[in-house]
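Residue numbers (UniProt numbering), protein chains in the order written: chain A, 1 to 296; chain B, 1 to 312; chain C, 1 to 338; chain D, 1 to 325; chain E, 1 to 528.
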Amino acid sequence: MSQSAAVTNDLPEVIEEASFLRDTMRGFRKNRMAMVGLVFVCLLVFLAIFAPIISPHDPYRVALDEQLLPASTTYWLGTDNFGRDVLTRILYGARISLVVGTVPSLISLLIGTFMGILSGYMGGKTDFVIMRLADTMIAFPSLLLAMVVMYTLGANLFNIFIALALVGWAGVARVVRSQTLALKEKEFIEAARANGTSRVRIMFSHIFPNVTPTLIVLFSLSIPEAIMWESSLSFLGVGVQPPEASWGLLVAKGKEYLFQAPLVAIMPGVAILMTVLAFNFIGDGLRDALDPSMKD
Amino acid sequence: MLMFTVRRILVSIPVLIGITAILFVMLNVVPGDPIALLMKEHASPDVIERVRAQMHLDDPLITRYFRFLFAALQGDLGTSIKLNRSVTTLIMNAFPNTLYLAGCAALVSWVIGIPAGILSAVRRDSFVDHFFMGFSLLGVSMPIFWSALLMQYIFAVQLKWLPVAGFYGFEYVILPAIVLGWSSAGVIARLTRSSLLEVMRHDYIRTARAKGAREISVISRHALKNALIPVVTIMAIQVASLLSGAVITEAIFGIPGVGRISINAIQARDMPLLQGSVLFATVLVILGNLVADILYSVLDPRIRSQMRKDAR
Amino acid sequence: MANPSGNVLSVRELRTEFRGGRGNVRVLDDISFDVGRGRIVGLVGESGSGKSMTALSLMGLVPKPQGQVSAKSINLDGIELASISPDGLRQIRGRDMAMVFQEPMTSLNPVRKVWEQVGEPLRIHQGLGRRAIRDRVLEMFELVGIPEPKARLDAYPHQLSGGLRQRAMIAMGLICEPKLLIADEPTTALDVTTQAQILRLMQELRDRVGTSIIMITHDLGIIAEMCDEVNVMYAGQIVEQANVFDLFENPSHPYTRGLLASIPKSTESRIARRMPSIPGMVPNLARLPSGCRFRPRCTDAMAICQTREPAVTDLEKDHRARCWLHARQDAISQGEPL
Amino acid sequence: MNEIVISARNLTKHYRVGGGTLAGQGKVVRAVDGVTLDIRERETFALVGESGCGKTTLGRIMLRLQEPSGGQISYRGQDITALDDAGMRALRKKLQIVFQDPYASLNPRMRIEDILAEPLRTHGYGSAEVIRDRCAELLDMVGLRHTYLRNYPHQFSGGQRQRIGIARALANKPDFVVCDESVSALDVSIQAQVLNLLSDLQDELKLTYFFITHDLSVVRQFADRVGVMFLGRLVEVGRTEDIFAGPLHPYTMLLISAVPRADPRQRTRERPLMTGEIPSPMNLPPGCRFHTRCPFAKDICRTHDPDLQDMGQGRAVACHFPLNS
Amino acid sequence: MKNKMKLLLASGLASLVLMTPALAEQMLRISYPEDPKTADVQKTSDAYMLPLNVFDRLIEAETTSPGQSALVPGLAEKWDVSADGLVYTFHLRQGVLFHDGAELTADDVVYTFDRMLNPATKALGTDILDFVAGAHERLDGTADSVAGLKALDKYTVQITLSQPYAAFLALMASPQASIFNRAFTEAAGDQFGLSPETTNGTGPFKLESYELNDSQRLVANESYFRGRPKLDSILVRVVSDSETLRLLFETDELDVFDLDYAVSQTPYFYGSDQWKDLIRTGPRVGMYYYHINQANKPFDDVRVRKAFQMAINRQEILDKNFYGKGVLENGVMPRGLTCYEPATPIEFNPAKAKELLAEAGYPDGVEIKLAQVSSWSSKWSDMNQIIQAQAAEAGFKVSIDTMDEAAYFDKRKAGVIDNYTQSWSADFNDPDNFFYTFFSKSGTAVRAFNNNDPVVFEALDKARGMSDAEARCALYREMGEKIVQEDAAWVPMFSLDHSYVVQPRVKNFVVPWNGWSDMNYYKMEIAE
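Right, dumping it as structure tokens:
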């Protein structure tokens, strides 16, 4: 005992408490584009939340005297065909986009993670059934599936959540399952089994924490995707309905006036582009920092 | 190989059955009567009842499902309520247009995506890399309906180089193919780049260098084939998704393809047509995955011989 | 033009640094050694000691731009590699100086046939046609003892066993009849029985072809079996350099001694289960201790070891150690590094 | 003689690879093929063999981390192959394992204290306080500072991680510990440290070790008894000194002679070398599974598979023509 | 499929040549907002372009001047009506040939109307034959033929009505009354009208090609009984998108730009020096309106309905959203319809509306729902959004209830929709087309007005059979006032002008009397 314990002597008293989170943040902060994205998204979230305070205009007010005004100091991006301030509409649209970006992603992440871990860890019939279900969902062309769901349930925001979650969970489940399969072979899982740890506990406290980095990356990358889906659905008229201000809808509506007031159609598109870019930057940055193995 | 393909197809069967079932249930529990829609203002209740009975819409769901499944197996996807034509015929007539568009778009995405990805990986962190990756990310991040609008505005309205919309010849397909191809070029370029970078980290690349191979030969002879295996498989899947997913592009550019049919079907609530077109698109995706799997195994000798062993 | 000393390779003051986020890390420091014609020279050390990095530095395969190699002189049979152009070095690689890696599975390209890969140096350096290359590869396969060599030409790497793959790698290394073969842990991934076969093969080839070999390993057993001269590495430096017999009989550096002591002795009957061991662990190269790098783990450490890096001391002919224990008294007092 | 802790009777583990539901049944791998073995209290039994011989699978089966396809395992006379899940979980306190890979065997997302506390909590060791104290005690026991409890595994070196792995295995004061290549991944100097630790702990805690390794030098130093495994079979069992002094099975002999000796003076010795490759466990040859590579193979070896025969003095060998006899 | 691919590539090259606007032949290029789906008018209720050009009717409604029409002989040279108004005898023109060369006979006419009433046909516009004796029995399947349809000889058809119906001749001029060929149509079965091969009429143009969702091509009928049309061909492109439409028109890929499909382009064309003189405009005999469902709260109270009428600034919507191109309407009949006379104006008075609401028990305002169909043109949602804003002043808290078309028709039929907007254009020039559709006993239920006013019901039934035109018109005007002012059952909004912009080479473009986009192109010309 004495000699082995002697090893202690040349060990430092305390090892710097470097946490996983701090390492990640360090890696992330070094990525310039990711930081730009983060700043943009924070700004957007702020603007979206405080839109009513920030904007002097009412997004739903109809002032037919002020139709399609060009950009001015009062209306920075001009007005639409109802005389509504385009910038204000875009800010309110950000609310929808941000909610649509996060809520369905969270739902599909939740379902997908649960299914993926269950499928990967339990194996056998459970795995077979879950994976065939996932295969089925994945084989549906996403936009069409979303459209079919909207067709079935009707076009509104809540149903977009359902449609996007339905489209999204299977992909998550697949990734989580393959990670679970890899983790399952890891010795620390076997160690837990050797200790008599129950299956449920292994899934929750051993596998789940190890898939979280992947989940964070998946989440960050599914946000821009969901925003795109929503805007596409709304553009096609099967998504958010007027007078709500969704960016896709604003483009669809604005393009009727493309010649008279191009900003009305172009600016919401720019908003989508910038937001999606920002989230993609963040997602790429997170992936590089958290889980380089997940590259595409 | 044959065994593998056959087995792979057999595995798709439960998926297909699942798909038809989900689709059928989703589309058939919808509130709102397709007949009422068909007849609009002119609908009187007794006429509706008559037509419903004629179309067997008052049978139980399960009966209708099996009738649909059985007919679908024989290539009969039913009759469009709104267009009064065979759904199969409608889809098969529209498909070549979609195929043409998707083929051109895929070509665009490969011609741009693969070289851009290779150059970016080789000149990692250089200006070229940043440029191409920015370009790719832009392609991935731009909503198609918006970039299509922009392209139409710039190239058709302002510059008058290309026609705005329609489908009467090659020049009509250029803009939609670019719009559609750009977004998938982004995916291809990013994948090519990361795959090549990943391969370049492998030991056998070091081996090739240790043999004294020139860098260009290291990339072309040793890295590229390995790096393109995942790219090629993604390409196969992407063609399938282009075929099934050109909905928005077809709508904006007025291309009478399968995507357009789905949109019309949704707007018109033409249930058999929607059912048929979605099923068709789904089969395309499954086929795409199948082709991807087969390509993968053809390209990778490790899997190839594994399959040969399994088949024996 | 032969090196007058009769050495195929002569390395002087090789240094390799890695640029990283937190400053530069010198992974190799003051590496100097010679490889005699037809000799097998061992580089031995634990993981992280820099033995593989030495090989990569010689081959010019240190990943750029993070890795920077500099040397006073690297003389490969009359060619000065320290100042050669990257393309010049490329032409040397595979022709005059070849390398065999640790993992024969990952070191071969999975999607190309074995003969193409083994014969590639011929295409690169001698511009041979496919037919000629194939014939030559077949000869090499016979030489390295691959059974049914003809049938194996068109195999893919995954169709060969680990031992055969490593034989193919050796064939690839020797196909241009290089002056020097660097074998980086060539048997670590193999089972003992296969290892014994490969080691014997390498000895035979040295005897028959006359290639000089640098043998990199962490296994002192392999050193004892194979090498003529040994360089013991620790934390990026060579700490002891000797003829293999001298080293095992008369290890001078405390690290070498500790290493030898901690090998389980399979030849002697078991006396006690407790084994002598070196306490502590290998230092992080980014945070080296002051003075001697081995000092925190050294049982013989002195005051000077804390403050000054030890100089290399010649103990006898061809036996040197980097340790204050053996330094001349005046060198210690003057504090002059050698 | 000490009491038998673990007794294995005719253990087998067969599994199928390749082949789905459609293209035939695939191939059967006979990873473990009829192993019978007794391990006694406080001894170190080393199981040696080359990669793919089934030694790791055997270790896992003995703890029922994998289910055997056939045979029986008893722990102190109790048949554990018959236990249900709950019964087995309770017994896991007593049967433990230390893994090979110090990097894969600790959950990277858990702090050291959670890693050590988990087995304690699972088996209701005591209050949170008691468990915390025990964790600190365990770290002390394996020679690490208990101030490290709040750290994560990646902050430790391979040797330190292996100590943590040992501490985890010992948390519930087990009886029988499988060490699966527990020092193979470590550098020589660290390897010695860990072996010493294991040795000290064995004395102190009266442990029985089932020591799986491919490294004969370690076996010689560390084990009381040795079992040599070849393609799913035990081919020779005996006391360490006896086996090294005079191997009875040709495979054992070849194995021992293949190990390079850290003594340059011995390099000129005559060494028989095994030729060719080991057959795949999917495609076992008929007769003795070693005959294709055996320098002494005779006709009977090609047709009849030899059983493990007791040679007396705790020695057993599975060979028609044992050496030295 | 392979052949089609080749064709496509070939046409790609060909069109490079074709693209140049130097058109040797007289081709009219027009657009259609969605695929017409069929030329069989018995199967469609909204796409009349093909029927109007490929087929003829016994009688045609010809535009005489903007908004004015006259019934002129079509396939029937002349007709007699019995004194009791029950028996109509049509004398067919002789020697009229179908596109396949068959001659038109009385049997074809009988067949055409019988086919419509045959339940197997699943025809839509059967209401034009509602008053034909035996029509209902045939529809119900209780009879194998229609008692009131008879071919007296090869060129004479006799139609007997079950009760006098003043608008019957006008109905016979509606597109639904297009005449088919028996042999051909029976052979085509349910494929009739779906492709050139299965389409056969007597009209001035033949259907030459039909690419679903893409285009139809019509060519001149050389042997048209009125003489060959001036146009050689008509290319109809399916263009759903209003901006694309304008782009196509401005890049000279279309000859006619129908502003109805792109209202938002109105100011541009009216303001453009290039185009303003090329605008052809005419009144639309049709109107926009809001339905009010009296079955549901709060609209069960006439004061709330009245308040809603007063809360809407119709002039502002007309001016701003439709660029003032139209007139406000206050009755049930739009301008241009027979019997039309200006009705009592509805006042815009939010203050008064608020008072009325308070009287009705809603002093703090009231919540109402406007139904809206998601797939419809955005002009509807625009109107709803404007009204949402306008009516707020009077205390209406408007929410817009978006639904898809099927749900909409379903709910409307079930009477659970409170309020919705639509427009109605005259199918035939008679007040019955408006009054009976909306306010008869069945109409008011189906369309979810639930204006169960027995006085109105009785009057509308009576008017159908009245032969005294003057008295009939007076009765309709009286009912109009009652419905709008007294019952406040609907909110008439406005009738719009229908404007087209045409390329300079388009000659003889006449805006149809009723303001439809669908018209007959027989008389049109293309001249450089």
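Glycine residues also receive a C-beta, built at the ideal position from the N, C-alpha and C atoms.
By alpha-carbon distance to G125/E, the top candidate from V157/E, V456/E, Q42/E is Q42/E. Counting C-beta pairs with one atom in each stretch, the stretch 201-208 of chain B and the stretch 256-274 of chain B have fewer than three that are closer than 8 Å, which means they do not touch. Between L255/D and T193/C a beta carbon distance of about 7 Å is seen, short of the 8 Å cut, so the two are scored as contacting. In the same chain as A169/D, and ignoring 5 residues on each side of it, the C-beta atoms closer than 8 Å to its own belong to Q96, I97, V98, V177, in chain order. In this structure, the straight-line span from the alpha carbon of D190/E to that of P70/A is close to 54 Å. Residues of the stretch 106-121 of chain A whose Cβ lies closer than 7 Å to any Cβ of chain D: none. Cβ contact annotation for A177/E (same chain, cutoff 7 Å, sequence separation greater than five): R57, L58, I128, L171, in chain order. R161/D is positioned such that its CB atom lies closer than 9 Å to that of Y103/D. At least one beta carbon of chain A lies nearer than 9 Å to the beta carbon of L95/D. With respect to the 9 Å criterion, A139/A and N289/B are classified as neighbours on the basis of their beta carbons.
Cβ-Cβ separation between R93/E and L71/E: approximately 15 Å, too far for a contact (criterion under 8 Å).
Chain E has a Cβ within less than 9 Å of the Cβ of N84/B. Judged by pairs of C-beta atoms under 8 Å, the stretch 300-320 of chain C does not touch the stretch 182-195 of chain D, as fewer than three such pairs exist. For D65/A, the nearest beta carbon of chain E is closer than 9 Å to its own beta carbon. Contact between the stretch 27-35 of chain E and the stretch 143-157 of chain E is absent: fewer than 3 CB-CB pairs across the two stretches fall below 8 Å. Membership of D29/C in any alpha helix (DSSP H) is not indicated; the residue belongs instead to the beta strand (DSSP E) covering 23-36. When the Cα atoms are used, Q241/A and Y289/E turn out to be separated by approximately 22 Å.
Here H304/D is exposed: its Cβ has fewer than 16 other Cβ atoms, across all protein chains shown, within 10 Å. DSSP, reduced to helix, strand and coil, places A488/E outside both helices and strands of the structure shown, so it counts as coil. Where R217/E is concerned, the enclosing beta strand (DSSP E) starts and stops at 215-220. Closer than 7 Å at the C-beta level to chain D, one finds these residues of the stretch 242-253 of chain C: V244, F245, F248.
Contact between the stretch 139-156 of chain D and the stretch 5-15 of chain D is absent, with fewer than three C-beta pairs closer than 8 Å. Here F66/B is exposed: its Cβ has fewer than 16 other Cβ atoms, across all protein chains shown, within 10 Å.
Of all residues in the stretch 108-125 of chain C, those with a C-beta nearer than 7 Å to a C-beta of chain B are L108, N109, P110, V111, E120, P121, I124, H125, reading in chain order.
For R8/B, the closest of D127/A, S105/A, F46/A, D135/A by C-alpha to C-alpha distance is D135/A.
For M150/A, the enclosing alpha helix (DSSP H) begins and ends at 142-153. Put simply, the backbone Cα of W376/E is about 57 Å away from that of I189/A. When the alpha-carbon of L138/C is set against those of G127/C, H125/C, R167/C, the nearest one is in R167/C.
E230/A is outside the set of residues whose beta carbon lies under 9 Å from a beta carbon in chain E. Listed along the chain, the chain E residues whose CB falls inside 8 Å of the CB of G237/A are S374, S375.
Within chain C, no C-beta atom comes nearer than 8 Å to that of S182/D; the closest sits roughly 14 Å away.
For A258/D, the closest C-alpha among the options E229/C, C292/C, R257/C, Q195/C is that of Q195/C. Counting only unbroken stretches of 4 or more residues, the alpha helix (DSSP H) elements lying wholly within the stretch 129-172 of chain E are 135-140, 168-172, in sequence order.
Taking the Cα of V263/E as reference, the smallest distance to any Cα among L207/E, L218/E, K325/E, F205/E is reached at K325/E.
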